[in-house]
Amino acid sequence: MSEPRPDIQTNVDSPGATDSNRSCIIGIDLGTTNSLVAVADDHGPRILNDAGGHAIVPSVVRFPEGSAGEPIIGREARAHLVEFPAETVYSVKRLMGKSVTDVTGDLEYLGYQVVQGEHDTARVRIGDRIISPQEVSALILQKLREVAENALGHQVREAVITVPAYFDDAQRQATRDAGRIAGLEVKRIVNEPTAAALAYGLGHGSKQETIAVYDLGGGTFDISILQIIPHEAAEDSTDDSAQLDSFFQVVSTSGDTHLGGDDVDRMIVELVEREIREEFGMELTFPPSTRQALRQFSEATKIRLSEFDQAEIQVDLGEERVYQRVLLRDEFEGMIRSWVDRSLACCTRALRDAGMKPDQIDRVVMVGGSTRIPLVRQMLGTYFDAEPYTALDPDKVVALGAAVQGSILAGSHTNALLLDVIPLSLGIETMGGAVAKLVMRNSMVPCQAKEMFSTSVDGQTSIKIHILQGEREMVADCRSLGEFHLRGIPPMPAGIPKLEVTFHIDANGILNVSAVEMRSGKRAAIQIVPNHGLARDEVDQMELESYKFAREDMKLHRVVDLRVNAALDIKWISERMGKLGNAIDDDYRAALQQHLDTLTDFIEQSEDDPQSVDADAFLKAKQSLDEASVRLHEISIAQSLRDERATSAQDSTDESG
Ligand code: ADP
Ligand code: MG
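With this note's numbering as the guide, the letters of the sequence shown map in order to residues 1455 to 2111.
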C-alpha cells in the first residue's frame, strides 16, 4: 500500500512532519453558490476564515466597467449582484467544461452574457472581454488561497478540490485547469459526497455501509448513493487514488440542476410583491437596488425561520406606505413543502437506479446550506426513516472532507482516533459546574445511556444541556462539545420536572443527545462528532491529568454536590419556618437557626475555596440539619391537614347557606 490508511497514525515523529509549509495540502469546496477552504492538521480538519472572520466566499466575481478595473471577488461582488447584472458572474460552475449548446437551459437563469468560444466552449462576455469559466473559477480559487495563506501564515501551493459526483471528465479537467491558473497544484479532484463522508470519518469501519448524501445548496440539488467498502475488502489496490474510490463507490446519483435555496428566496420575494400589490394597488417596478434589498432580505427571513418560529417582514415603500407582516414557520413550511417533495422525487430515482429501497440506506448525510431548514431535515428523516447526520455544519462539511483527503495525501493525517471505543468519557453539566458522566471512556460503540435529571430553581421553563468530554469532574477542566436548550417547559417547582437525557453513540462514533421533559413531553436534541478536532496526544494528556487530579477532583465534585443540596435544604426549611410562624416554639426555632447558620458557613466557604472545605464535616452538618428538621416536616404536615379541614368546613357552610 503506497499511502497511509486513513485510520493509521503516521509521521508524527518523523523529521519534517512539522514542516507545515511542505506538507500542507488545503481542501477546497468550489461551490456553485459558495466556496470554502479548510485544512486538516494535528487538531483535525478546520475551516479557514478570512480576516473579517468569514468562512464563506460567495462564488461571485464582478468585472467592473472598463476592463482595466480589478475584478471584485466574493462577498462584495455578491452584495451588488442585482445592480450590476451584466458585469457580475455567478454560478460559473454551471459552465465549467461545457459547450454553449449544453447550457442553453441555464441561460435564462444567468444575468450575464454567455457566448461561444473556441471548440464550441461556453465563455462569458463582459463588455468586450471574453473570459473562460476556468478563469473566473481561478479568481475564486486565488481568493481562497489568499484566505488560507493569511490564516496559516505561510505559502500554500497544493490543494484538493471537490466536484459533484456526476461531473464528467471535461468538467473535472476544467476544474483542474482553474486550479493551475490560480497557481495551485491540484493533487486530487474528489467527489463532494465522498468528501462529506470523509469529514464524518465514515469508511474506516469494518462493515459495509450504504449511505445517501443529500446535498441541497443554493441553486442545485444532488443526491448520491455511496457504498462504503471495508478496508480489508479494498486492500489489494495499490494506487491511492484507486484506493479512495474503492472505499467509496458511487452507486448512483440523481438531482436537479435548478432546485435550491434560491427558489425559496424567490418564493418569499413573490409573496411580498403580490401582497404589496394587493394592499397598495400599485403596478410595481422596483429599481434594481430595491430588488437587491428585497432579495437579500428574503434570504435573511428564510434563514431566520430555520431557527425561530416566526420572522417579521417590513418594507418601506415611501410616502408613508409601509408593508408589514409576520411570516410564521407553519405558513412558510406550507409554501416550501412541494419544493422539498421535488428533491425527494430525485431520491426515489437515485434509489431506483441503485436497485434499493429507502430502508436499505444505513446513513443519511446532510450537505448544503439549505439542509438547515428544519422541514427539510424532518421530511428527509421520515423518507429514509433515519436521523440524518447534521453534526457537522452542512455548508462546511465538503471543505472539511477535502482537507481530510489533503492530509491523507500529505501523509500528515494524525486525527486518527479509532472509533471502536469512546476515547474520553461523555457527560453533561449539572448544578454548580460539576459534570455528570453518562458514557464512560473505553465503552464500546455503538452504545446508549440514559439518566434522569431535574431542575433546581422554581418555575424554570428552559433547561440548558451542556455536553462535555473528559475525565475530570468539573466543567472547567473538560472539553465543551456543544449545548442546546430545552424550552417551553411549563413552570413547576424545583425538583418536579422529570428530565430524561439520552446519549446514543452510533457505530461511526456520532453522538446524538436528546432531552425529554417527561411531564410535558417537550423534547430537544443535538448531534455531535465527539472526536472532531481531537488528536491522540490530547486524549493521552486528558487521561493523564485525570489521574493526577483524581483525588482533588473527587473532593471538589463532592463539595459542589453538597453545596447544591444543602442550599436546596436551607431554602425549603427557611420557607417553612416563615410560613409556620407561631406553630413553631422559640427553642426549636433557635435550634434550627443554629444548624442553618453552620451549614450556610460551609456553603460560603465552599464558594470561596472549595478545596479548603472539610467535606466530612460539611456532610455531618447537613445530616444534623436533616435530622433536626424532621420535626419541622411533622409540624408542617399537621398544619396543612388543619388548613384543609378548615377550608372544607368553610365550603360546607357556604353550600348550606
Ligand atoms: P452551494 O453548494 O450551492 O454552493 P451552499 O451549500 O453554500 O451552496 O448553500 C447555499 C444556500 O443555503 C443558500 O440558498 C442559502 O440561502 C442557504 N442557507 C444558508 N444558511 C441557511 C439557513 N440557516 N437556513 C436556510 N437556508 C440557508
Ligand atoms: Mg455545495
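All residues carry an ideal CB built from backbone N, CA and C; glycine is no exception.
#1: Does the ligand MG have even one heavy atom less than 6 Å from the beta-carbon of Gly1855?
#2: Return yes when the Cβ of Val2013 is within less than 7 Å of the Cβ of Ser2078, no when it is not.
#3: With a threshold of 8 Å on Cβ separation, who are the neighbours of Leu2016 within its own chain once the five nearest residues in sequence on each side are excluded?
#4: For a quick check, are the C-beta atoms of Ser1586 and Arg1577 less than 7 Å apart?
#5: Enumerate in chain order the residues of its own chain whose CB-to-CB distance from Ala1903 is below 6 Å, with the five nearest sequence positions on each side excluded.
#6: At 3 residues or longer, and completely inside the stretch 1902 to 1987: list those beta strand (DSSP E) runs for me, N to C.
#7: Specify which residues have a beta carbon nearer than 5 Å to any heavy atom of the ligand MG, listing them in chain order.
#8: Does at least one heavy atom of the ligand ADP sit under 6 Å from the Cβ of Thr1487?
#9: Using 6 Å as the cut-off, classify the Cβ of Asp1847 as near or not near the heavy atoms of the ligand ADP, replying yes or no.
#10: Going by beta carbon distance, what residues of the same chain come within less than 7 Å of Lys1597, once the five residues before and after it are set aside?
#11: For Ala1870 and Glu1612, I'd like the C-alpha separation in whole angstroms.
#12: Report the residue from Gly1559, Arg1941, Leu1878 and Gly2035 whose alpha carbon sits nearest the alpha carbon of Gln1995.
#13: Under DSSP, the alpha helix (DSSP H) around Asp2118 begins and ends at which residues?
#14: Give the range of the beta strand (DSSP E) segment to which Thr1825 is assigned.
#15: State yes or no: is the C-beta of Ile1827 nearer than 6 Å to some heavy atom of the ligand ADP?
#16: Quick check on the burial criterion: 16 or more other C-beta atoms within 10 angstroms. Buried or exposed for Gly1735?
#17: Please confirm whether any heavy atom of the ligand ADP lies closer than 6 Å to the CB of Lys1756.
#18: Measure the alpha-carbon distance for Ala2103 versus His2087 and round it to whole angstroms.
#19: Scan the stretch 2019 to 2098 and note each continuous alpha helix (DSSP H) run of 4 residues or more that stays entirely inside, going in chain order.
#20: Give a yes or no on whether the C-beta atoms belonging to Ile1668 and Met1810 are separated by under 7 Å.
#21: Pull up the CB-CB distance for Lys1756 and Val1718, whole angstroms please, since I reckon it's below 8 Å.
#22: Can you list, in chain order, the residues of its chain with a C-beta nearer than 8 Å to that of Asp2105? Leave out the 5 residues immediately preceding and following it.
#23: State the Cα-Cα distance for the pair Asp1849 and Thr2054, rounded to the nearest angstrom.
#24: For Asp1574 and Thr1555, which I take to be in contact (beta-carbon distance under 8 Å), what is that distance rounded to the nearest angstrom?
#25: Comparing C-alpha positions only, which one of Phe1907, Leu1484, Ala1804 and Arg1926 sits nearest to Met2008?
#26: Does the ligand ADP have even one heavy atom less than 6 Å from the beta-carbon of Gly1637?
#27: Does the distance from the CB of Pro1539 to the CB of Gly1565 come in under 7 Å?
#28: Per DSSP, what kind of secondary structure is Val1610 in: helix, strand or coil?
#29: Helix, strand or coil: how does DSSP classify Gln1567 here?
#30: Would you check whether the ligand ADP has a heavy atom nearer than 6 Å to the C-beta of Gly2186?
#31: Excluding the five sequence neighbours on either side, which residues of its own chain have a C-beta within less than 8 Å of the C-beta of Asp1710, listed in chain order?
#32: Verify whether the separation of the beta carbon atoms of Thr1951 and Glu1971 is less than 7 Å.
#33: Whose C-alpha, out of Leu1782, Tyr1544 and Ala2082, is nearest the C-alpha of Glu1589?
#34: According to DSSP, which residues form a beta bridge with Phe1702?
#35: Which same chain residues end up closer than 6 Å to Gln1981 when comparing Cβ atoms and leaving out the 5 residues on each side of it in sequence?
#36: What is the residue span of the beta strand (DSSP E) that Asp1669 lies within?
Let me spell this out:
#1: no
#2: The Cβ-Cβ distance between Ser2078 and Val2013 does not fall below 7 Å.
#3: Phe2056, Ser2060, Ala2069, Phe2072, Leu2073 and Lys2076
#4: yes
#5: Taking Ala1903 as the centre and dropping the five residues before and after it, the same chain places the C-beta of Leu1892, Val1893 and Phe1957 closer than 6 Å to its C-beta, in chain order.
#6: 1917 to 1923, 1933 to 1940, 1953 to 1959, 1965 to 1971 and 1976 to 1982
#7: Gly1485 and Gly1671
#8: Yes, the ligand ADP has a heavy atom inside 6 Å of this Cβ.
#9: no
#10: Val1511, Ile1527 and Gly1528
#11: Its pLDDT being 49, under 50, Ala1870 is placed unreliably in this model, and the value from its coordinates should be taken loosely. Computed Cα separation, rounded: 22 Å.
#12: Leu1878
#13: The chain is shown only over 1455 to 2111; residue 2118 falls outside these bounds and no answer can be derived.
#14: Here Thr1825 belongs to no beta strand (DSSP E), and DSSP marks it neither H nor E.
#15: yes
#16: exposed
#17: yes
#18: 24 Å
#19: Whole alpha helix (DSSP H) segments, 4+ residues: 2040 to 2062 and 2069 to 2082.
#20: Position check: residue 1668 holds Tyr in this sequence, whereas Ile was assumed. For Tyr1668 and Met1810, no; Cβs fall outside 7 Å.
#21: Confirmed, about 5 Å.
#22: none
#23: 51 Å
#24: 7 Å
#25: Arg1926
#26: No, since every heavy atom of the ligand ADP falls outside the 6 Å radius drawn around the Cβ of Gly1637.
#27: yes
#28: coil
#29: strand
#30: No information on residue 2186 is available, as it lies outside the stretch 1455 to 2111 that the chain covers here.
#31: Thr1674, Phe1675, Arg1796, Ser1797 and Cys1800
#32: Checking the displayed sequence, the identity of residue 1951 turns out to be Pro instead of Thr. Result yes, Cβ atoms of Pro1951 and Glu1971 sit closer than 7 Å.
#33: Tyr1544
#34: Ile1682
#35: Thr1844, Ala1845 and Asn1966
#36: Glu1663 to Leu1670
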